[in-house]
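Listed in order, the protein sequences are those of chains U and D. Here the first sequence stands for residues 1 to 351, numbered as in the numbering used here. Here the second sequence stands for residues 352 to 702, numbered as in the numbering used here. By construction, the Cβ of each residue, glycine as well, lies at the ideal position given by its N, Cα and C atoms. Being a predicted model, the structure only gives us computed values, none of them experimental.
2 protein chains.
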Amino acid sequence: MSFIRRMTHPAPSSAPPFIKTLLGEAQPRPPVWFMRQAGRYLPEYRALRATAPDFISFCLDPEKAAEATLQPMRRLPFSAAIVFADILLIPRALGQDVWFETGEGPKLGELPSVEQLRDAIPQVAERLGAVGETLALVRATLEPNRALIGFAGAPWTVLTYMIERQSSDREHARSYAWQHPEQVDALLAILVEATAHYLAMQAAKGAQALQLFESWAEGLSESQFIRLVVAPHRALVARLRELGVQVPLIGFPRGCGALAKLYAESVEVQAVALDTATPLAAGREIQKLKTIQGALDPLALRAGGPGLDAEVERLLEAWGQGPYVFNLGHGILPDTPIAHVEKVLARVTAG
Amino acid sequence: MSFIRRMTHPAPSSAPPFIKTLLGEAQPRPPVWFMRQAGRYLPEYRALRATAPDFISFCLDPEKAAEATLQPMRRLPFSAAIVFADILLIPRALGQDVWFETGEGPKLGELPSVEQLRDAIPQVAERLGAVGETLALVRATLEPNRALIGFAGAPWTVLTYMIERQSSDREHARSYAWQHPEQVDALLAILVEATAHYLAMQAAKGAQALQLFESWAEGLSESQFIRLVVAPHRALVARLRELGVQVPLIGFPRGCGALAKLYAESVEVQAVALDTATPLAAGREIQKLKTIQGALDPLALRAGGPGLDAEVERLLEAWGQGPYVFNLGHGILPDTPIAHVEKVLARVTAG
Chain U
1 MSFIRRMTHP APSSAPPFIK TLLGEAQPRP PVWFMRQAGR YLPEYRALRA TAPDFISFCL
61 DPEKAAEATL QPMRRLPFSA AIVFADILLI PRALGQDVWF ETGEGPKLGE LPSVEQLRDA
121 IPQVAERLGA VGETLALVRA TLEPNRALIG FAGAPWTVLT YMIERQSSDR EHARSYAWQH
181 PEQVDALLAI LVEATAHYLA MQAAKGAQAL QLFESWAEGL SESQFIRLVV APHRALVARL
241 RELGVQVPLI GFPRGCGALA KLYAESVEVQ AVALDTATPL AAGREIQKLK TIQGALDPLA
301 LRAGGPGLDA EVERLLEAWG QGPYVFNLGH GILPDTPIAH VEKVLARVTA G
Chain D
352 MSFIRRMTHP APSSAPPFIK TLLGEAQPRP PVWFMRQAGR YLPEYRALRA TAPDFISFCL
412 DPEKAAEATL QPMRRLPFSA AIVFADILLI PRALGQDVWF ETGEGPKLGE LPSVEQLRDA
472 IPQVAERLGA VGETLALVRA TLEPNRALIG FAGAPWTVLT YMIERQSSDR EHARSYAWQH
532 PEQVDALLAI LVEATAHYLA MQAAKGAQAL QLFESWAEGL SESQFIRLVV APHRALVARL
592 RELGVQVPLI GFPRGCGALA KLYAESVEVQ AVALDTATPL AAGREIQKLK TIQGALDPLA
652 LRAGGPGLDA EVERLLEAWG QGPYVFNLGH GILPDTPIAH VEKVLARVTA G
């Protein structure tokens, strides 16, 4: 088997429980964080967001982004903070316009040429220096036993946005991948290199773990999944290690269904984040190879009640004995009652 | 194991190869049909469609629907025809308005009460008698070695339309299922009963196999998949057998990812249709239990070229030795070149 279970450097005993878990050490109680935990379900987030002229400016203002990152940590017992940023900062740093229109999601300008994108790679980490500053500010404030996560969109997911230029079901990008395989390979290689430098900068500034968000792994045939997801993730992980990045990595191939096992076997991340549709038995199989993270349905969290309680118990029972990070299977929804989050966290952290 | 591999009545030697394959007898060359093979990629379909005032009228005009069903059979060597109809005929027959707006997909009126829906069940098969007439017309024309498939939307998928009332990502329906589990169970039970009678009528009128389209199995947690998909399919299959339906059944839990195996083990259909994202090895595992059908990416078919050729070879090599029906993983796209379809069918049928 080509995968590695642990890093070459085991976690020091002073490492936060979240980091120890990523490195394969199951904890008495699973550490917990929620995707989009810094977000619109918090009134203090909505107030802070209103002070920035637009979403991109908000992400690139280190003081505001650090505050957004820390808001959920103050009121909720999350084991890790995730830096407040956006996966579309990379295309922007590569020279493709990105803006957000309220209620419509992201919009992107014309895709630059391969040559233009390639020429921009050396500037990416510097252009996104604000994210590094955010990380440094947060790490200086956060308690030592709580970890700080950096992240980036995975190459294929970012490329789907760059090709589609707006929210969609990705059909155009998936068609493009069938029609222009060499072009897509060239674009993915550029994103691998740019993302590696961006993430290396994040680790240097204080990120203690890095998550790759492959939000659009769904609907790909196995052959396309290998080409568009597995191969770029392998290349990115290798490049990060070449650049000296030693922090644990979490891969999140959302919507990949039965291909999650292939991902876990093929990509040398330390942890695989699982989405809502993951069968409990499939998660246990992956847990034999890696730490797993997930996979509470955000709709169940929003709904609350006995259905939510039962889901939480099911996950803890199925996965809680091995190395497991409790999380959602997708981002928390803006209209989720905070009381539901508090109740779940109380259950998970109280053991 | 509770599943059955074959029907109690094996296929007579005169049965079409497609039917023999569904009953577990692998053929020298896999039979082949394509979801939405009667559709907009054919110019003769577009011309015929233009003669009907609206889509529902078109579906419920037996002569026109029979002609649409037969059009692809005339010019392409498909092994089976599928009756031209729509999965939203059921809610319409249950008293919920359904109409189609060009470019926007289906629209539905207000959801009737549970009592109103329940009262409508005895009329469903009669109200959809036109579909039976279509089947009889097609069966009278089609060559004996080519099979005729009937179909219905599976209960959960139909219910998502009834709740959402328009095209969407089903988030509202999935939330509703968390919030109102008893109500959803009651609605699913109504759909099971109505669909059983509708499909029994189709079998009586000439359908030699029946496919259940669970087009919205995606994004469900395992517990919700069991409740919303597996349980209603099991109930529907049992009810069909009680009603004396003996034809083989195909279940298509589209987008269910790693839950496909659970489906195959739990639901007593004879064949499982697999979607594009199914790993080849996962398909082979399911093929040990059932006939499998699928799963060429419709985007690869539309793109054509060496990528398409390679996908076809991969599928034939991985699945062609066992009981296998060649098909797409999702419906054929309207702008698919007919030449691509011809080339794939020539390859599949020439062995």
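By DSSP, does U:Gly331 sit in helix, in strand, or in coil?
Note: U:Gly331 maps to coil in three-state DSSP.
Tell me which residues share the same chain as U:Gln208 and place their Cβ nearer than 6 Å to its Cβ, disregarding the 5 neighbours each side in the sequence.
Closer than 6 Å at Cβ, skipping near neighbours: Ile19, Ala147, Leu148 and Val247.
Flag this pair as yes or no: are the beta carbons of D:Leu679 and D:Pro649 separated by less than 8 Å?
Contact flag set, yes.
Indicate whether the contact test is met: 3 or more Cβ pairs, each with one atom in the segment 589-604 of chain D and one in the segment 619-637 of chain D, closer than 8 Å.
These segments touch.
What's the gap between the Cα of D:His584 and the Cα of D:Arg525?
So the alpha carbons of these two residues sit roughly 18 Å apart.
Could you confirm whether any beta carbon from chain U is found closer than 8 Å to the beta carbon of D:Gln672?
Chain U contact via Cβ: absent.
What are the start and end residues of the alpha helix (DSSP H) that includes D:Ala632?
Segment Leu631 to Gln638, the alpha helix (DSSP H) holding D:Ala632.
With DSSP collapsed to three states, give me the class of D:Tyr392.
Residue state, collapsed to three classes: coil.
Rounding to the nearest angstrom, what Cα-Cα distance links D:Pro381 and U:Ala295 in this structure?
If I take the Cα positions, the gap works out to 38 Å.
With distances taken Cα to Cα, identify the nearest neighbour of D:Leu445 among D:Ala669, D:Leu459 and D:Gln422.
Residue D:Leu459 is the option with its Cα nearest to D:Leu445.
Taking the straight line between their C-alpha atoms, what separation do you get for U:Cys256 and D:His531?
Going from the Cα of U:Cys256 to the Cα of D:His531 covers about 29 Å.
According to DSSP, is U:Lys107 part of a helix, a strand, or is it coil?
If DSSP states are grouped into helix, strand and coil, U:Lys107 belongs with the strands.
Have a look at D:Gln553 and D:Glu616 and give me their C-alpha separation to the nearest angstrom.
Cα-Cα distance, rounded: 26 Å.
For D:Leu440 and D:Leu427, I'd like the C-alpha separation in whole angstroms.
Straight-line Cα distance between these residues: approximately 28 Å.
Just to check my reading of the structure: D:Pro413 and D:Leu488 have Cβ atoms closer than 8 Å, yes? What is that Cβ distance to the nearest angstrom?
Their Cβ separation, rounded to whole angstroms, is 6 Å, which keeps D:Pro413 and D:Leu488 in contact under 8 Å.
Distance, Cα to Cα, D:Glu693 vs D:Asn496?
Spanning the two alpha carbons is a distance of roughly 20 Å.
For the alpha helix (DSSP H) containing U:Glu126, name the first residue and the last one.
Looking at the DSSP string, the run of the alpha helix (DSSP H) that includes U:Glu126 is Val124 to Arg127.
Give a yes or no on whether the minimum CB-CB distance between D:Pro428 and chain U is below 8 Å.
Judged by the 8 Å Cβ criterion, D:Pro428 is not in contact with chain U.
Looking at the unbroken beta strand (DSSP E) that takes in D:Glu565, where does it start and where does it end?
Note, D:Glu565: beta strand (DSSP E), Ala560 to Glu565.
Contact criterion: CB-CB distance below 8 Å. Does U:Gln96 meet it with respect to chain D?
Not closer than 8 Å to any Cβ of chain D, the Cβ of U:Gln96 fails to qualify, so no.
By the DSSP assignment, the beta strand (DSSP E) with U:Trp99 in it spans what residues?
Counting along the chain, the beta strand (DSSP E) containing U:Trp99 begins and ends at Val98 to Glu101.
Using beta carbons (cut-off 8 Å, strictly below), is D:Thr511 in contact with chain U?
No, no contact with chain U.
Within the same chain, show all residues whose beta-carbon is closer than 8 Å to that of U:Thr141, passing over the 5 residues directly before and after it, in chain order.
Once the five neighbours on either side are set aside, the close Cβ partners of U:Thr141 are Ala66 and Leu70.
So, does the CB of U:Pro53 fall closer than 8 Å to a CB anywhere in chain D?
Not closer than 8 Å to any Cβ of chain D, the Cβ of U:Pro53 fails to qualify, so no.
Among residues of its own chain, excluding the 5 on either side of D:Pro674, which ones have a beta-carbon nearer than 6 Å to its beta-carbon?
Here the set comprises Thr372, Gly375, Ala377 and Thr642.
Kindly indicate which three-state DSSP category D:Phe603 falls into: helix, strand or coil?
DSSP places D:Phe603 in strand when its eight states are reduced to three.
Taking a contact to mean a Cβ-Cβ separation below 8 Å, would you say U:Pro334 touches U:Gly304 in this structure?
No, these two residues do not count as a Cβ contact at 8 Å.
Report the three-state DSSP secondary structure of U:Gly305 (helix, strand or coil).
DSSP places U:Gly305 in helix when its eight states are reduced to three.
Look at the Cβ atom of U:Thr160, then the Cβ atom of U:Trp216, and state whether they are nearer than 8 Å.
Yes; because the gap between Cβ atoms is below 8 Å, this pair is in contact.
Indicate whether at least one CB of chain U lies closer than 8 Å to the CB of D:Thr687.
Chain U, which has no Cβ nearer than 8 Å to the Cβ of D:Thr687, makes this no.
DSSP three-state label for D:Gln597, please.
D:Gln597: coil per DSSP, three-state reduction.
Could you name the residues of the segment 461-476 of chain D whose beta carbon sits closer than 9 Å to any beta carbon of chain U, in the order they occur along the chain?
Flagged: no residues at all.
Report the rounded CA-to-CA distance for D:Ala540 versus U:Pro17, giving the unit in angstroms.
Going by the C-alpha atoms only, they are around 47 Å apart.
Considering only residues of the same chain and omitting the five flanking positions on each side of D:Leu393, which have a CB-CB separation below 6 Å?
Contacts found: Gln422.
Given U:Ala204, which residues of its chain have a CB within under 8 Å of its CB, disregarding the five upstream and five downstream residues?
Within the same chain, U:Ala204 has close Cβ partners Gly132.
Output the residue ranges of the alpha helix (DSSP H) runs that lie fully inside the segment 475-549 of chain D and measure 4 residues or longer, sorted by chain position.
Runs of the alpha helix (DSSP H) inside the segment 475-549 of chain D: 475-478, 480-492, 506-515 and 522-530.
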